[in-house]
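**Student:**
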Amino acid sequence: MTSERKRTSVRTLTARVQSFLYANKKFSFVFSLLLVILLYSLSSDEPSSPYVAKRFGLGAGDTKGELKAALKRKGDGRAAVAIIRVVGMNGDKDANHPKANDAKEDVQYLVQVKSHDYPIEAFQGTVCLLGGNANAKDVAPFDTLVRELKEELHDPEWADEMDPSEAIDDSRIQRASKPFYNSSAAPLAPGTVRYLGTTLHFQSSDLLGKKHGGVPYAFLCALYEITLEPHQLPPSAIYPRGANIQEGRVVLLTEDQLIKHSKYAWGYEYTIEKYFGRKTRNKQRGTAVSEVDEGTWKETTWTPAK
Numbered sequence: 684m685t686s687e688r689k690r691t692s693v694r695t696l697t698a699r700v701q702s703f704l705y706a707n708k709k710f711s712f713v714f715s716l717l718l719v720i721l722l723y724s725l726s727s728d729e730p731s732s733p734y735v736a737k738r739f740g741l742g743a744g745d746t747k748g749e750l751k752a753a754l755k756r757k758g759d760g761r762a763a764v765a766i767i768r769v770v771g772m773n774g775d776k777d778a779n780h781p782k783a784n785d786a787k788e789d790v791q792y793l794v795q796v797k798s799h800d801y802p803i804e805a806f807q808g809t810v811c812l813l814g815g816n817a818n819a820k821d822v823a824p825f826d827t828l829v830r831e832l833k834e835e836l837h838d839p840e841w842a843d844e845m846d847p848s849e850a851i852d853d854s855r856i857q858r859a860s861k862p863f864y865n866s867s868a869a870p871l872a873p874g875t876v877r878y879l880g881t882t883l884h885f886q887s888s889d890l891l892g893k894k895h896g897g898v899p900y901a902f903l904c905a906l907y908e909i910t911l912e913p914h915q916l917p918p919s920a921i922y923p924r925g926a927n928i929q930e931g932r933v934v935l936l937t938e939d940q941l942i943k944h945s946k947y948a949w950g951y952e953y954t955i956e957k958y959f960g961r962k963t964r965n966k967q968r969g970t971a972v973s974e975v976d977e978g979t980w981k982e983t984t985w986t987p988a989k
């Protein structure tokens, strides 16, 4: 039953009970007590169990305090994220070369959708790339990426098999005009990991909201691309009713869905634009992304200072 139908039922029931009580005043107290209990149970929109709340990505805003810790770094944040492309979604086509596929839907993308109680209001219900913030134990961006993917996707086997020495360094295309997704000279076979460069993401204090200190936040973001096959997906992506991860849920989206219908957290709309070479339709106010010279940023320490 939807919330609106619940409210209509409550109003109808209330009117009937009031009429009855007016005619039978000696039962007023008993019926008033029962009415309070009934109103509470019908009007409550809370899920019936913690499992249901978690299953749909609710009630998991900042479970480990990682967001709060990251925002304290102000202009010195670090994050590593991945565009996870899943090939072969519509049968046996040439997954190695996206241009060879007639249907764009043959390649879909595994992303996170933020929960509707996410601590930053502007990011509630938005699309976010999988990955996350660096912690004190991370020596390099790849360490951050693997650790975060294992946490968010419940230790997938392919994450353990990722080797930084085998990742293709395509960071040079950060300054190129062609899209990222079909810019590699190497076949993008399942298991391929590409490093696509690092960008600086800025979020204004107005976007983040006053409850997060009223200060802007910026972070270096190392971007990777990972190619998977459908059998490597977490069950939550195939069966959405169980699609829960920290701070939201995982979904599979097509290129057109990412470009035309999605709103993003943390400035990733600009990452998606660069990746596909197409303009996204929905942009957040108060966010900006700029290129970072590879030689310059690698001279800094990846491990967060705070």
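Start counting the sequence shown at 684; every next residue gets the next number (this note's numbering).
Ideal Cβ positions, reconstructed from N, Cα and C, are used throughout, including at glycine.
1) Taking C-alpha atoms, which residue in Phe825, Ala823, Ala819, Gly815 lies nearest to glutamate 834?
2) Which one of Ser848, Thr984, Gly969 has the shortest CA to CA distance from valine 898?
3) Look up glutamine 663 in the DSSP assignment and give the residues it is bridged to.
4) Between the beta-carbon of leucine 890 and the beta-carbon of alanine 762, is there less than 8 Å?
5) If we count the other Cβ atoms within 10 Å of its Cβ and call it buried at 16 or more, is glycine 758 buried or exposed?
6) Assuming threonine 882 and valine 810 are in contact, meaning their beta carbons sit under 8 Å apart, how far apart are those beta carbons, in whole angstroms?
7) Within 10 Å of its beta-carbon, does isoleucine 921 have 16 or more other beta-carbons around it, so buried, or fewer, so exposed?
8) Measure the CB-CB distance between valine 790 and valine 770 and report whether it falls below 8 Å.
9) What does DSSP give as the partner residue(s) for lysine 797 in the beta ladder?
10) Taking alanine 765 and leucine 832 to be in contact with their CB atoms under 8 Å, please state how far apart those CB atoms are, rounded to whole angstroms.
11) Could you give the residue range of the alpha helix (DSSP H) that holds leucine 832?
12) For glycine 931, is the classification buried or exposed, using 16 other Cβ atoms within 10 angstroms of its Cβ as the cut-off for buried?
13) Report all residues from its chain with a CB closer than 7 Å to the CB of aspartate 656; omit the five preceding and five following residues, and keep chain order.
14) On the three-state DSSP scale, how would you describe lysine 757?
15) What is the residue span of the alpha helix (DSSP H) that glutamate 840 lies within?
16) Lysine 943 to valine 934, Cα distance in whole Å?
**Tutor:** With the given structure in hand:
1) As a position in the sequence shown, residue 834 is number 151, starting the count at 1. For glutamate 834, the nearest C-alpha among the options comes from Gly815.
2) Start at 1 with the first residue of the sequence shown, and residue 898 comes out as number 215. Selected option, being the one with the closest Cα: Gly969.
3) The displayed coordinates of the chain run from 684 to 989. Any statement about residue 663 would go beyond what the structure contains.
4) Counting from one through the sequence shown, the residue named residue 890 turns up at place 207. Counting from one through the sequence shown, the residue named residue 762 turns up at place 79. No.
5) On the sequence shown, position 75 is the one that residue 758 refers to. It counts as exposed.
6) Against the sequence shown, residue 882 aligns to sequence position 199. Against the sequence shown, residue 810 aligns to sequence position 127. Contact flag wrong, Cβ pair sits at about 17 Å.
7) On the sequence shown, position 238 is the one that residue 921 refers to. By the 10 Å Cβ count, isoleucine 921 comes out exposed.
8) Start at 1 with the first residue of the sequence shown, and residue 790 comes out as number 107. Start at 1 with the first residue of the sequence shown, and residue 770 comes out as number 87. Taking 8 Å as the Cβ cut-off, valine 790 and valine 770 qualify as a contacting pair.
9) To locate residue 797, count along the sequence shown from 1; it is residue 114. According to DSSP, which records beta bridges pairwise, lysine 797 is partnered with Gly931.
10) To locate residue 765, count along the sequence shown from 1; it is residue 82. To locate residue 832, count along the sequence shown from 1; it is residue 149. So it is a contact: roughly 7 Å between Cβ atoms.
11) For the purposes of this step, residue 832 is identified with residue 149 of the sequence shown, where counting begins at 1. Element bounds for leucine 832: 824-835.
12) Position 248 of the sequence shown, counted from the first residue, corresponds to residue 931. Here glycine 931 is buried, its C-beta having at least 16 other C-beta atoms within 10 Å.
13) Residue 656 lies beyond the range of the chain shown here (684 to 989); nothing can be said about it.
14) What you label residue 757 is simply residue 74 of the sequence shown in a count that begins at 1. Coil.
15) The count along the sequence shown starts at 1 and reaches residue 840 at position 157. For glutamate 840, the enclosing alpha helix (DSSP H) covers residues 840-843.
16) Walking along the sequence shown from the start, residue 943 turns up at place 260. Walking along the sequence shown from the start, residue 934 turns up at place 251. Spanning the two alpha carbons is a distance of roughly 16 Å.
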